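First comes the structure, then the notes that go with it.
Numbering (this note's numbering), first residue to last: 2 to 196.
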């Protein structure tokens, strides 16, 4: 081909051929490397029929005050048909501080829910059918040890037989302001145009 460019590489630096050909698949075992939809290694989706049989989850981002107040809001949303919840944490929780830390004064429960312990997470989700809904938690790096406590299997929390769909995501740049929280500015990847 005349228009083939030499040495084209992925963002990871791996060489990319200009055209995938059948001979490139020599030794490729589709059962092992590709799998079936809904099965390991999940390259064809996490559900067998993907979103034809299961609609996209739309989660309501909510959280304020105490775990009890946020639980009441979650119940209100679920009673009106909400199928997923996304936990909004307050700034002290996002920064890995307890509510009684002097640096937390004036921020506890202000822009999200305050969670300092497993008991707070248990109160946050009390009476909520975690086996029937999807939950998501976006939280900064320092307190990442807190979110796994809420992702314990439901049978540990007293809901035998149900399956949790809790999703915990750790991030250092979402839901926080670098200026207010002390997060450092992201460093651009070499060769990218990001500033």
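All C-beta atoms, glycine included, are put in the ideal place defined by N, C-alpha and C.
Bear in mind that the values here come from a model prediction, so they are computed numbers and not experimental data.
inquiry  = Based on DSSP bridge pairs, tell me the residues matched to residue 66.
reply    = Locating residue 66 in the chain shown gives position 65, where the first residue counts as 1. Per the DSSP secondary-structure output, residue 66 pairs in a beta bridge with 114.
query = Got a sec, what are the start and stop residues for the alpha helix (DSSP H) residue 138 sits in?
reply = Numbered from its first residue, the chain shown carries residue 138 at position 137. From DSSP, residue 138 is part of no alpha helix (DSSP H) but of the beta strand (DSSP E) over 135-140.
message = Checking the sheet assignment: what are the DSSP bridge partners for residue 85?
response = As a first step, residue 85 must be located in the chain shown, where it is residue number 84. Residue pairing by DSSP places residue 85 opposite 135 in a beta bridge.
ask   = Should the region 103-114 be called in touch with the region 75-92, which here means at least 3 C-beta pairs below 8 Å?
value = The region 103-114 is in contact with the region 75-92.
ask   = CA-CA distance, residue 71 and residue 103?
value = Position 70 of the chain shown, counted from the start, is the residue given in the question as residue 71. Position 102 of the chain shown, counted from the start, is the residue given in the question as residue 103. Cα-Cα distance, rounded: 23 Å.
key: Contact set for residue 25: own chain, Cβ-Cβ below 7 Å, skip 5 residues either direction   = Within the chain shown, residue 25 is the residue found at index 24, counting from 1. Exclusion of the five residues before and after residue 25 leaves 18 as the residues of its chain whose Cβ lies within less than 7 Å of its Cβ.
query = In whole angstroms, what is the alpha-carbon distance linking residue 13 and residue 106?
reply = Locating residue 13 in the chain shown gives position 12, counting from the first residue. Locating residue 106 in the chain shown gives position 105, counting from the first residue. Distance between the alpha carbons of residue 13 and residue 106: 44 Å.
request  = Let me know if residue 133 comes out buried or exposed under the rule of 16 or more other beta-carbons within 10 Å of its beta-carbon.
outcome  = Working through the chain shown from its first residue, we reach residue 133 at position 132. Exposed.
task = Give the straight-line distance between the Cα atoms of residue 51 and residue 79, rounded to the nearest whole angstrom.
result = Position 50 of the chain shown, counted from the start, is the residue given in the question as residue 51. Position 78 of the chain shown, counted from the start, is the residue given in the question as residue 79. A direct Cα-Cα distance of roughly 24 Å separates residue 51 from residue 79.
ask   = With which residues is residue 61 paired in a DSSP beta bridge?
value = Looking up residue 61 in the chain shown gives position 60. Residue 61 pairs with 86.
key: residue 53 versus residue 28 - alpha carbon distance   = To locate residue 53, count along the chain shown from 1; it is residue 52. To locate residue 28, count along the chain shown from 1; it is residue 27. If you take the alpha carbons of residue 53 and residue 28, they lie about 32 Å apart.
ask   = Within the chosen definition, does the region 124-133 reach the region 56-74 through at least 3 CB pairs nearer than 8 Å?
value = The region 124-133 vs the region 56-74: in contact.
Bounding residues of the alpha helix (DSSP H) (the contiguous stretch that carries residue 29) = For this step, residue 29 is matched to residue 28 along the chain shown. No alpha helix (DSSP H) holds residue 29; DSSP gives it neither H nor E.
ask   = How is residue 98 classed by DSSP in three states: helix, strand or coil?
value = Residue 98 sits at position 97 when you count from the first residue of the chain shown. Of the three classes helix, strand and coil, the one that applies to residue 98 here is coil, per DSSP.
request  = Put residue 16 into one of helix, strand or coil per three-state DSSP.
outcome  = Residue numbering aside, residue 16 sits at position 15 when the chain shown is read from its first letter. The answer is strand: DSSP assigns residue 16 an E or B state.
task = Flag residue 9 as yes if its beta-carbon sits less than 8 Å from any beta-carbon of chain E, otherwise no.
result = As a matter of chain content, chain E is missing from the structure shown, which is built from one protein chain.
request  = Would you tell me roughly how many angstroms separate the C-alpha atoms of residue 32 and residue 47, rounded to the nearest one?
outcome  = As a working mapping, residue 32 is identified with position 31 in the chain shown. As a working mapping, residue 47 is identified with position 46 in the chain shown. So the alpha carbons of these two residues sit roughly 16 Å apart.
ask   = Residues bridged to residue 10 by DSSP?
value = Here residue 10 corresponds to residue number 9 of the chain shown, with the count starting at 1. The partner list for residue 10 (beta bridge, DSSP) reads 16.
ask   = Taking Cβ to Cβ, would you say residue 49 is nearer than 8 Å to residue 42?
value = Translated into the one-based positions of the chain shown, residue 49 becomes position 48. Translated into the one-based positions of the chain shown, residue 42 becomes position 41. No, they are not a contact pair.
query = Can residue 58 and residue 135 be called in contact, C-beta distance under 8 Å?
reply = Taking the first residue of the chain shown as position 1, residue 58 is located at position 57. Taking the first residue of the chain shown as position 1, residue 135 is located at position 134. Using a Cβ distance threshold of 8 Å, residue 58 and residue 135 count as a contacting pair.
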